[in-house]
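Asker: Got a structure for you, questions after.
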Amino acid sequence: MTNMEDCHYASVLGVDMVGFIFAKTSPRYIGAEEALKLSRALPPLPLRVGVFVDEDIERVSEVARRVGLGAVQLHGREEPEYCEKLALKLPCVHLIKAFRVNDERQPDDFIPYNGVADAFLLDTFKSGTSGGTGLTFDWSLLRKFALQKPFFLAGGLAPGNIEKALVQTAPFAVDVNSGVEREPGIKDPQLLAKFMAEVQRWNQRNRGTTSSFS
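Numbering-wise (my numbering), the sequence shown opens with residue 500 and increments by one.
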């Protein structure tokens, strides 16, 4: 989220989490002070999530405390040792480790993080990027991973494919970005409403098993 209008509308629609991207290379980057203003204007829920890419641990800790993050999402090459140190600094903040998925991703890649991450986020691999590709990956690959943690599904999700994604993968949560935007960082209210309606219909049929993250 980058602006008050989108935050408010997402909250009204009932999203479970809102994300602030603190990676300066992202077109959706937001500074900590601006994120703090948006966070203060929101009700206690949705949960605030900060997205970081290979950031210094002290900086992540500082921003998390300043903004009041309930979770941090690590989208770079952070090692398990990094995650462990960060978890010790932020014991009340959930840690989500992102993995970019392609045919080369192996089940063993997740194992070292089982003891330090609260959840995984599975996104599309594209060389030279850390996320935000707007592309889906082969969801059938998930069957071989045998994940031991809840997972967020990301990568190219939109109103037109979210039902299929939920049926095929049954994730803990879904992470949507470009699929509900007019331009990078600016949400399209109609697309976001359609996306949320699909997620909520799925939850009604499946006893509320999937959270929404925008």
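All residues carry an ideal CB built from backbone N, CA and C; glycine is no exception.
1. So, for V559: in the same chain, excluding its five sequence neighbours on each side, which residues have a beta-carbon less than 7 angstroms away from its beta-carbon?
2. From this set, Q647, G655, D637, V615, which residue's C-alpha is nearest G631's C-alpha?
3. I'd like the list of long-range same chain contacts for V592, defined as Cβ closer than 7 angstroms, with 5 residues on each side in sequence excluded.
4. Answer yes or no: do P683 and Y508 have a C-beta to C-beta separation smaller than 9 angstroms?
5. Within its chain, find whatever has a CB closer than 7 angstroms to the CB of S510; leave out the 5 residues flanking it on each side and keep chain order.
6. Contact between the stretch 641-661 and the stretch 608-621 is defined here as three or more beta-carbon pairs at a separation below 8 angstroms; is this criterion met?
7. In or out: V514 buried (at least 16 other Cβ within 10 Å) or exposed?
8. Evaluate contact between the stretch 533-540 and the stretch 694-704, counting only Cβ atoms and requiring at least three cross-stretch pairs below 8 angstroms.
9. By DSSP's criteria, L665 is part of a beta bridge. Which residues make up the other side?
10. Which residue from R681, R547, N613 puts its Cα closest to that of P649?
11. So for M500, helix, strand or coil by DSSP?
12. Relative to the C-alpha of I520, which candidate in R704, R547, E504 has its C-alpha closest?
13. Assuming I556 is part of the alpha helix (DSSP H), what are its boundary residues?
14. If I follow the unbroken alpha helix (DSSP H) through K536, where does it start and stop?
15. Start and end of the alpha helix (DSSP H) containing R704?
16. Looking only at C-alpha atoms, which of G518, G575, A669, L690 sits nearest to S626?
Answerer: Looking at the coordinates:
1. In the sequence shown, residue 559 corresponds to position 60, counting from 1. Close CB contacts of V559 within its chain, under the 7 angstroms cut and outside five residues either way in sequence, are with F551, V571, L585 (chain order).
2. Locating residue 631 in the sequence shown gives position 132, where the first residue counts as 1. Of Q647, G655, D637, V615, the residue nearest in Cα terms is G655.
3. Here residue 592 corresponds to residue number 93 of the sequence shown, with the count starting at 1. Its chain contains A563, L568, G569, A570, V571 as the residues whose beta carbon lies nearer than 7 angstroms to that of V592, once the 5 sequence neighbours on both sides are disregarded; these appear in chain order.
4. For this step, residue 683 is matched to residue 184 along the sequence shown. For this step, residue 508 is matched to residue 9 along the sequence shown. Against a cut-off of 9 angstroms, the Cβ pair of Y508 and P683 comes out as no contact.
5. Here residue 510 is taken as the residue at index 11 of the sequence shown, counted from 1. If we look at S510 and ignore the five residues flanking it on each side, its Cβ neighbours are L541, P542, P545.
6. The stretch 641-661 is in contact with the stretch 608-621.
7. Taking the sequence shown and counting its residues from 1, the one referred to as residue 514 is at position 15. With 16 or more Cβ atoms within 10 Å of its Cβ, V514 is classed as buried.
8. No: the two stretches stay apart, fewer than three of their Cβ pairs being nearer than 8 angstroms.
9. Taking the first residue of the sequence shown as 1, we reach residue 665 at position 166. Per DSSP, none; premise fails for L665.
10. Start at 1 with the first residue of the sequence shown, and residue 649 comes out as number 150. Of R681, R547, N613, the residue nearest in Cα terms is N613.
11. For this step, residue 500 is matched to residue 1 along the sequence shown. Three-state DSSP puts M500 in coil, outside helix and strand.
12. As a first step, residue 520 must be located in the sequence shown, where it is residue number 21. Out of R704, R547, E504, R547 has the C-alpha closest to the C-alpha of I520.
13. Along the sequence shown, read from residue 1 onward, the residue named residue 556 stands at position 57. Taken as a continuous stretch (DSSP letters only), the alpha helix (DSSP H) holding I556 covers 556-566.
14. Taking the first residue of the sequence shown as position 1, residue 536 is located at position 37. Residues 531-540.
15. Within the sequence shown, numbered from 1, the residue matching residue 704 stands at position 205. Note, R704: alpha helix (DSSP H), 688-704.
16. In the sequence shown, residue 626 corresponds to position 127, counting from 1. Proximity to S626 across G518, G575, A669, L690 peaks at G575, based on C-alpha coordinates.
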